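**Q** Just so you know, the protein sequences line up as chains A and B, in that order.
Last residue of the first sequence? That's 67 in this note's numbering, and every number before it is there in order.
Last residue of the second sequence? That's 349 in this note's numbering, and every number before it is there in order.
Glycine residues also receive a C-beta, built at the ideal position from the N, C-alpha and C atoms.
Just so it is clear, the structure is predicted and the values come from calculations on it, not from any experiment.
Take this structure first; my questions come after.
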Amino acid sequence: MASCLSADLEIPFPSAREAEIALGTLSVDKEPKRGGVQRTLKVSDQILHVHFEAQEARTLRVSINSFFEHVNLVCKTMQSFGPPR
Amino acid sequence: MVIAIGFEGSANKLGIGIVKDGVVLSNPRHTYITPPGQGFLPKDTARHHREHALSVLKQALDEAQISPEDIDVICYTKGPGMGAPLVSTALVARTVAQLWKKPIVAVNHCIGHIEMGRLITGAQNPTVLYVSGGNTQVIAYSERCYRIFGETIDIAVGNCLDRFARVLKLSNDPSPGYNIEQLAKKGSKFLEMPYVVKGMDVSFSGLLSYIEEKALRLLESGEYSAEDLCFSLQETVFAMLIEITERAMAHCGSQEVLIVGGVGCNKRLQEMMEIMAKERGATLYATDERFCIDNGAMIAQAGWEMFRTGVTTPLEETSCTQRFRTDEVEVTWRS
């Protein structure tokens, strides 16, 4: 069944290295299988690109919300304990 | 010299601890405390951990008086526990591991408790009673594995106590179990309730339903006081635990017994275990609330043991899992 809804986020970081760290941290946890959301992450230069696909707006929203909470924590961690060595 | 930092967030405690070759350098913890009558839900607990992780991490580094360069390995709780809080804590561990270019070790929460208990008490090869809000197991080591001899077949003993505390609307500060323990000291009239031991396993859900259903009526009629009910509940569930622990000790021919996990700091449980141990000529080992209750140092200590034998976890495998049995881990650090 083809996905009908999608969303794209572009999150800029201070450097490519920091974007790679965020990618490394955030790509470990897979989307829940039954949620029906597909998420792909990639980095180009210092931007983290996130692509979401889902059947339902509700699951898409939940997934994006949760992703923002996570990316926010990762950014705050880098601000407090960075820059990368 | 190896310095390990441990991140723990599998339940309502967020703890970060630093251990240097068996010495705890720091072990700060922040607990999510809910209003009386309420338990902690995954979403809110995860938010608590996200809000406090960075300040607790800073405190851990400051108290240990070390800088990130001094750390050799980052340890985090992979499971078992609540999914969202586990992930929130792991996110911080993964990020600092990359920032500081340090290896990661994924730790089983139960193994963390066992290794911390062994470190603090000096017990060599104990039969372990692991009792907390999420787990109830009797464990003994054999052939590179912590084997589960008996366990709960439904809810954990701590969950049973916590939920009864909610019926009585007891405070969750510092913990519901602590407040039950204080009331139980003043109880004297024993109410008989279901005592459910099935072979090596125990069950608490029927017992909880029984007391949940009866409690308010018994209190209103004045037949029993809240103190009496706490006393009766504790006596019953602890007796069940002592029974299966004793059977495991007899089976293994063990002369040591170690109590770990949040319920393990209950003095009455320790007292009952002491009596049983004495009758068998065995020694009881127990710790206080700093190390019994979930904390970061226990994850650092177990991770330190694993790291010492060459175990590390590649970043892409540092996921979390709600179910992760104690006997799934190969114990590479014991002979």
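I want to verify the contact list: residues of chain B whose CB lies under 7 Å from the CB of A/Thr59, in sequence order.
**A** The answer, in chain order, is Leu68, Val106, Thr109 and Val110.
**Q** Are the stretch 168 to 176 of chain B and the stretch 70 to 83 of chain B in contact at 8 Å, needing three or more beta carbon pairs?
**A** No, the stretch 168 to 176 of chain B is not in contact with the stretch 70 to 83 of chain B.
**Q** When the Cα of B/Phe252 is compared with those of B/Gly95, B/Ser333 and B/Arg282, which residue comes out closest?
**A** Residue B/Arg282 is the option with its Cα nearest to B/Phe252.
**Q** For A/Ser26, decide whether its Cβ has a neighbour in chain B, counting only Cβ atoms nearer than 8 Å.
**A** Answer no: the Cβ-Cβ gap between A/Ser26 and chain B never drops below 8 Å.
**Q** Leaving aside the five residues before and after B/Pro82 along the sequence, list all residues of the same chain whose C-beta is less than 6 Å from its C-beta, in chain order.
**A** Same-chain partners within the cutoff: Trp114.
**Q** Please list, in chain order, all residues of the same chain as A/Glu25 whose beta carbon is under 6 Å from its beta carbon, the five residues on each side excluded.
**A** In the sequence as displayed, the identity of residue 25 of chain A is Val instead of Glu. Here the set comprises Ala1, Glu2 and Leu5.
**Q** In chain B, what lies closer than 9 Å to A/Pro66 by C-beta?
**A** Gln112, Leu113, Trp114 and Lys115, listed in chain order.
**Q** Would A/Phe(-5) pass as an interface residue toward chain B - the criterion being a Cβ-Cβ separation below 8 Å?
**A** It does not; no Cβ of chain B falls within 8 Å.
**Q** Shorter than 8 Å from the beta carbon of B/Arg64 to some beta carbon of chain A?
**A** Closer than 8 Å: yes.
**Q** Using C-beta distances below 7 Å, list every residue in its chain close to B/Gly23, excluding the 5 sequence neighbours before and after it, in chain order.
**A** His63, Thr91, Pro99, Leu100, Ser102 and Thr103.
**Q** Spatial neighbours of B/Gln7 within its chain, please: C-beta separation below 6 Å, excluding the five flanking residues on both sides.
**A** Only positions 15 to 349 of chain B appear in the structure, and residue 7 of chain B is not among them; the question remains open.
**Q** Closest Cβ-Cβ distance between A/Val56 and chain B: below 8 Å?
**A** With 8 Å as the cut-off, A/Val56 counts as an interface residue toward chain B.
**Q** As a quick exercise: from B/Ile153, B/Glu285 and B/Gln196, pick the residue whose alpha carbon is nearest that of B/Ala264.
**A** Ranking B/Ile153, B/Glu285 and B/Gln196 by Cα distance to B/Ala264 puts B/Ile153 first.
**Q** Going along the chain, which residues of the stretch -4 to 17 of chain A sit with their C-beta nearer than 7 Å to a C-beta in chain B?
**A** So the close ones are Ile3, Gly6, Thr7, Val10 and Asp11.
**Q** Is the stretch 233 to 250 of chain B in contact with the stretch 192 to 204 of chain B, if contact means three or more CB pairs nearer than 8 Å?
**A** Taking 8 Å as the limit for Cβ pairs, the verdict is that the stretch 192 to 204 of chain B does touch the stretch 233 to 250 of chain B.
**Q** Interface residues of chain A around B/Leu28 at Cβ under 9 Å?
**A** Within chain A, no residue comes near B/Leu28; the closest Cβ sits about 12 Å away, beyond 9 Å.
**Q** Hey, how far is the Cα of B/Ser185 from the Cα of B/Gln196?
**A** So the two alpha carbons sit approximately 12 Å from each other.
**Q** With distances taken between CB atoms, is the gap from B/Ile125 to B/Ala111 smaller than 8 Å?
**A** No. Outside cutoff.
**Q** Taking contact to mean 3 or more Cβ pairs, one atom from each stretch, closer than 8 Å, check whether the stretch 132 to 150 of chain B and the stretch 277 to 291 of chain B are in contact.
**A** Contact between the stretch 132 to 150 of chain B and the stretch 277 to 291 of chain B is present, because at least three Cβ pairs lie under 8 Å.
**Q** Using only the alpha-carbon positions, how far apart do A/Val137 and B/Glu288 sit?
**A** Here chain A covers residues -17 to 67 and nothing more, so residue 137 of chain A does not appear.
**Q** For chain A, check one thing: does any of its Cβ atoms lie closer than 8 Å to the Cβ of B/Ser102?
**A** Yes, its Cβ sits closer than 8 Å to a Cβ of chain A.
**Q** Kindly give me the distance between the Cβ atoms of B/Ile118 and B/Thr346, rounded to whole angstroms, as I take these residues to be in contact under 8 Å.
**A** Rounded, the Cβ-Cβ distance is 16 Å, inconsistent with contact.
**Q** Along the stretch 330 to 349 of chain B, what residues have a CB closer than 9 Å to any CB found in chain A?
**A** Under the 9 Å Cβ criterion, the stretch 330 to 349 of chain B contributes Glu330, Glu331, Thr332, Ser333 and Cys334.
**Q** If B/Met214 and B/Gly267 are in contact, beta carbons under 8 Å, what's the gap, nearest whole angstrom?
**A** B/Met214 to B/Gly267, Cβ: 16 Å. No contact.
**Q** Under a CB-based cut-off of 8 Å, is A/His33 close to chain B?
**A** Not closer than 8 Å to any Cβ of chain B, the Cβ of A/His33 fails to qualify, so no.
**Q** Does DSSP put A/Phe34 in a helix, in a strand, or in coil?
**A** A/Phe34: strand per DSSP, three-state reduction.
**Q** With 16 other CB atoms within 10 Å as the buried threshold, where does B/Leu230 fall?
**A** B/Leu230 should be labelled exposed.
**Q** Mapping DSSP to helix, strand and coil, what is B/Gly310?
**A** In this structure, B/Gly310 counts as helix in the three-state DSSP scheme.
**Q** Between the stretch 78 to 90 of chain B and chain A, which residues of the former have a C-beta closer than 9 Å to a C-beta of the latter?
**A** Cβ contacts with chain A come from Pro82 and Glu83.
**Q** Going straight from the alpha carbon of B/Leu232 to that of B/Asp176, what length do you get?
**A** Between B/Leu232 and B/Asp176, the C-alpha separation is close to 19 Å.
**Q** May I have the straight-line CA-CA distance separating B/Phe305 from A/Gln37, to the nearest angstrom?
**A** Rounded to whole angstroms, B/Phe305 to A/Gln37 spans 47 Å at the Cα level.
**Q** Thinking C-alpha only, which one of B/Glu260, B/Val271, B/Val181 and B/Val210 is nearest B/Leu243?
**A** Closest by alpha carbon: B/Val181.
**Q** B/Tyr155 to B/Val274, Cα distance in whole Å?
**A** When rounded, the distance between both Cα atoms is 15 Å.
**Q** Using CA atoms only, rank isn't needed, just tell me which of B/Leu272, B/Gln52, B/Gly29 and B/Gly36 is closest to B/Pro42.
**A** Out of B/Leu272, B/Gln52, B/Gly29 and B/Gly36, B/Gly29 has the C-alpha closest to the C-alpha of B/Pro42.
**Q** Contact defined as beta carbons within less than 8 Å: I believe B/Val271 pairs with B/Leu298. What is the distance between those atoms, to the nearest angstrom?
**A** Contact holds; Cβ gap of about 6 Å.
**Q** Just how far apart, CA to CA, sit B/Ile194 and B/Cys174?
**A** Computed Cα separation, rounded: 11 Å.
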